[in-house]
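What follows is a single structure, written as structure tokens, with notes after it.
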Amino acid sequence: MKTPISYYGGKQRLVPEILPLIPKHTQYVEPFCGGAAVFWAKNPSAHEVINDIDGRVVNFYRVLQTRFPELQQMIRGTLHSEADHRRAKTIMDLEEADSVERAWAFWVQTAQSFSNKLYSGFGHGHNRSDGGKFTNTVNSKRLQIAADNGLYTSRLEGVEVFSRDAIGLIKAKDRADVFMYLDPPYKGSNCGHYTDKVEVFDRLLEILPTLQCKWLMSSYPDERLDELRKQHGWHTQDIDANLSVSGKHNAGKRKTECLTWNYSLAEEPIGLFAKEHLAA
319 MKTPISYYGG KQRLVPEILP LIPKHTQYVE PFCGGAAVFW AKNPSAHEVI
369 NDIDGRVVNF YRVLQTRFPE LQQMIRGTLH SEADHRRAKT IMDLEEADSV
419 ERAWAFWVQT AQSFSNKLYS GFGHGHNRSD GGKFTNTVNS KRLQIAADNG
469 LYTSRLEGVE VFSRDAIGLI KAKDRADVFM YLDPPYKGSN CGHYTDKVEV
519 FDRLLEILPT LQCKWLMSSY PDERLDELRK QHGWHTQDID ANLSVSGKHN
569 AGKRKTECLT WNYSLAEEPI GLFAKEHLAA
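First residue of the sequence shown? That's 319 in this note's numbering, and the numbers climb one at a time after it.
Here is the structure:
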């Protein structure tokens, strides 16, 4: 399955690289879920936990599970509209607004904003050649929700959803039979509305060597991480890729995504989460 929201900093493009690296486990924990691209793409585990410090993310998933027909109807009737985008920015943070309205507003902001970044400008083409492309992308996201026949709701059945400090959750859920996918705010980058949370990356590096669980982390290159990789013999894969965020200033730019994990793939029966499940 594809994630229902295109989230800034999401890992949609890295999913084909990440799935084959997931080891055998009983419980899956994603402490920095956001759009949760890996969670949605992988096969269900016996027990699953997703977490995001942003309550708007949690509200969206709650509505997706409990009031999906109402949300689906609102999204189905949504245009690629600057007026709707502006209205969504207001509704998204209104505590007195209905939870379905806030979930709709969150979806509009992620689907129709430049770089899928909350509070950024209305995404649209700047010339004749790219105008239709952005609208087609937004329409594709709308149809993805409009055509769903309950798979999103059923996928969330039995999943624990938290909205708390990720480091605290990691410590609470750390066990030998757990696999955690860690996607913290990237240090040294524009993290959108998570910019004030980049310090969590350093806190995460402090506890990684102490964890019992198997974990895989995605990040940008970092000197302290390089030291820890060598010190603890962690496994690594660095991926050079085009910068995924949109905008003319990012055209042609490259970035290095660093995958780091603390288990041996040679000992793991890879297959349950392999790439062919991307089409599921």
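Note that the Cβ used here is the ideal one computed from N, Cα and C, for glycine as well.
Residue i (DSSP reduced to helix, strand or coil)
i    : result
S431 : strand
Y473 : What sits at residue 473 in the sequence shown is Arg, not Tyr. Three-state DSSP puts R473 in a helix.
R385 : coil
I323 : coil
N377 : helix
H511 : Summary for H511: the model assigns pLDDT 45, below 50, so the residue's position carries little reliability; its value from the coordinates is reported in the next sentence. Three-state DSSP puts H511 in a helix.
D520 : helix
N467 : coil
D402 : helix
For residue j and residue i, believed in contact at Cβ under 8 Å, the rounded distance
i    : j    : result
I336 : I393 : That belief does not hold up - the Cβ atoms of I336 and I393 are roughly 27 Å apart, past 8 Å.
T396 : G353 : Going by Cβ atoms, the distance from T396 to G353 rounds to 18 Å, so no, they are not a contact pair.
L613 : W422 : No information on residue 613 is available, as it lies outside the stretch 319 to 598 that the chain covers here.
Given residue i as reference, the closest of the options once Cα atoms are compared
i    : options                : result
V333 : S536, Y437, P502       : S536
Y470 : P387, N369, C576, D370 : P387
F480 : Y325, R374, S363       : R374
D556 : R572, D544, E545, C576 : C576
E478 : I323, Y325, Y379       : Y379
F424 : H343, Y437, M410       : M410
C-beta atoms of residue i and residue j nearer than 8 Å
i    : j    : result
P341 : K491 : no
K329 : D501 : yes
M574 : Y538 : Residue identity differs from the one stated: residue 574 is Thr in this sequence, not Met. Against a cut-off of 8 Å, the Cβ pair of Y538 and T574 comes out as a contact.
F440 : Q430 : yes
M498 : V347 : yes
I371 : F357 : no
Residue i Cβ short of 7 Å to the ligand SAH heavy atom set
i    : result
K489 : The ligand SAH is absent from the structure shown, which contains no ligand whatsoever.
Identified DSSP bridge partners for residue i
i    : result
W579 : L534, H553
M498 : V347, W533
F357 : DSSP output for F357 lists no bridge partner at all.
I340 : DSSP output for I340 lists no bridge partner at all.
I368 : E348, V479
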